[in-house]
Ligand SMILES: Cc1cc2nc3c(=O)[nH]c(=O)nc-3n(C[C@H](O)[C@H](O)[C@H](O)COP(=O)(O)OP(=O)(O)OC[C@H]3O[C@@H](n4cnc5c(N)ncnc54)[C@H](O)[C@@H]3O)c2cc1C
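Residue numbers (the UniProt record's numbering): 1 to 455.
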């Protein structure tokens, strides 16, 4: 069965960011694409059960936003028209990090700030306009269906949550698992006799507390977004304020290694007071809260190594958080999902040009996507190793990288070139090797990094 096939059908498990972006790609190669989403979906930007992280701050890095814009031309304008705030990362962000404020200079690196449900809703609306994609909500995928020898996934068993519905089998030429961090693929593969994939786990024990505040239109504020990040190993507390749609601020406080923010009013303020710069505490004391405080606990970065399995069935792709879920503080998940979708497109294109089968395409994806994950994994897992309570195997070279990045962060307070090059890497615009560009390497190796903290 070669790619493309006129009557081919792809099934996607999960209608969140990774599933929606993958479906957009599949629609160009398959006759029909069906997304099964277990939640009931509404035509608005509501948080939902299947995506509990949706209540918390979600930054989208420039690379992710650009890939989304390529998939859905005009998306960025639609976000801004709908109330997202456009911010230039190196200029509009006030960013306190490792004891210093980063410089604020223009760089042309613009992102949009909005809530996670709003971004997902805008993408979902665009996906629903594509005629060969069918989004079936309130429908739970219960297991894979295989051929007689279990060599190939040939569909899924689904159960609608609507009254009176019974289990059904849906055949598919390709099944894409985008069901998130709680993906059942390891268990389903084990039940089919494949065993489970190896996992890399970096235990960080991060906690979040999030609250929305009013953002009066004429507010005179010296920044458009604010980040106060800690200095490891002693500092474990982070605070973020982002502007979002509906003239609101979203404020998130978080902590590593079990230092979780409390969810009561006084406790939260006290946590904010102990951040390394006072600005978020001052803001919270004066701003008007609009919602209760929502909490979230994130135990560990988890990466599933399907590429190392001795046997892997045909007809199956795993991507998004199902494959790799990062410490959310680094804001990499949605951009990585967009990169996974891009990799899927590259593999499908290659299969078309070479006249390859779908199984050869899926095998190629299995081998290729881990290489794309290495860089964000190294950044997240390596950074988490700065805190002594973090447990797991540090990526190779972590002590050197953390020493190097420590100096980069210090220099980003006074060298615009270092700042912009760092922000380009953090936004996944440039490959991480670009952080060793001579214009960064030279000052890192030769200049003093002692800087008096500015108020
Ligand atoms: C607290 C927190 C904050 C985060 N902040 C950021 C951030 O700032 N920036 C960023 O880029 N990323 C962030 N992330 C990560 C980001 O949320 C994910 O990487 C992103 O949503 C992509 O995930 P996904 O689509 O793979 O899975 P998910 O978003 O988890 O979605 C999985 C979907 O599959 C559905 N589903 C599950 N099982 C089934 C089934 N059996 N049948 C049918 N449907 C099913 C679920 O209902 C859900 O809709 C954060 C994560 C957390 C936990």
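Every residue, glycine too, gets a C-beta built ideally from N, C-alpha and C.
Bear in mind that the values here come from a model prediction, so they are computed numbers and not experimental data.
Distance from the C-beta of residue 51 to the nearest heavy atom of ligand 1 is below 7 Å. Here residue 391 carries a strand assignment [DSSP, helix/strand/coil].
Residue pairing by DSSP places residue 303 opposite 200, 324 in a beta bridge. At the C-beta level, residue 135 and residue 15 come within 8 Å of one another. Straight-line spacing of the CA atoms in residue 49 and residue 22 works out to 21 Å. At least one heavy atom of ligand 1 is found less than 7 Å from the C-beta of residue 38.
Per the coordinates, the alpha-carbon of residue 144 lies some 6 Å from the alpha-carbon of residue 153. Judged by the Cβ position, residue 18 qualifies as a neighbour of ligand 1 at the 7 Å threshold, a heavy atom of the ligand being closer than this. In the structure shown, residue 249 falls within a strand segment according to DSSP collapsed to helix, strand and coil. Of all C-beta pairs linking the stretch 111-131 to the stretch 236-248, three or more are shorter than 8 Å, placing the two stretches in contact. Counting the other CB atoms within 10 Å of its CB gives residue 72 a total of 16 or more, which places it among the buried residues.
Linking residue 157 to residue 327 through their CA atoms gives a straight-line distance of about 32 Å. With respect to residue 290, residue 281 sits apart: the two C-beta atoms are not nearer than 8 Å. Taken in chain order, the complete alpha helix (DSSP H) segments of 4 or more residues contained in the stretch 80-130 are 89-92, 116-128.
For residue 355, same chain residues with a beta-carbon under 8 Å away, outside a window of 5 residues either side, are 2 in chain order. By the beta-carbon neighbour count (other beta carbons within 10 angstroms, threshold 16), residue 232 is buried. Residue pairing from DSSP leaves residue 293 without any beta-bridge partner. Not one heavy atom of ligand 1 is found less than 7 Å from the C-beta of residue 72. Residue 18 holds the alpha-carbon nearest to the alpha-carbon of residue 68 among 42, 18, 165, 217. By the 16-neighbour rule on beta-carbons within 10 angstroms, residue 445 is exposed. Put simply, the stretch 219-233 touches the stretch 85-94. At least three CB pairs are less than 8 Å apart. In chain order, 16, 17, 20, 45, 51, 54 place their CB closer than 8 Å to the CB of residue 120, counting only its own chain and leaving out the 5 sequence neighbours on each side. Closest in alpha carbon position to residue 193, among 162, 122, 149, is 149.
Boundaries of the beta strand (DSSP E) harbouring residue 36: 30-36, taken from the DSSP string. Remark: C-beta atoms of residue 98 and residue 406 approach each other more closely than 8 Å.
Collapsing the DSSP output to three states places residue 27 in coil. In terms of Cβ geometry, residue 185 and residue 250 do not form a close pair [threshold 8 Å]. The continuous beta strand (DSSP E) containing residue 142 extends over residues 139-146.
Nearest Cα to residue 377 within the set 304, 387, 42: 304.
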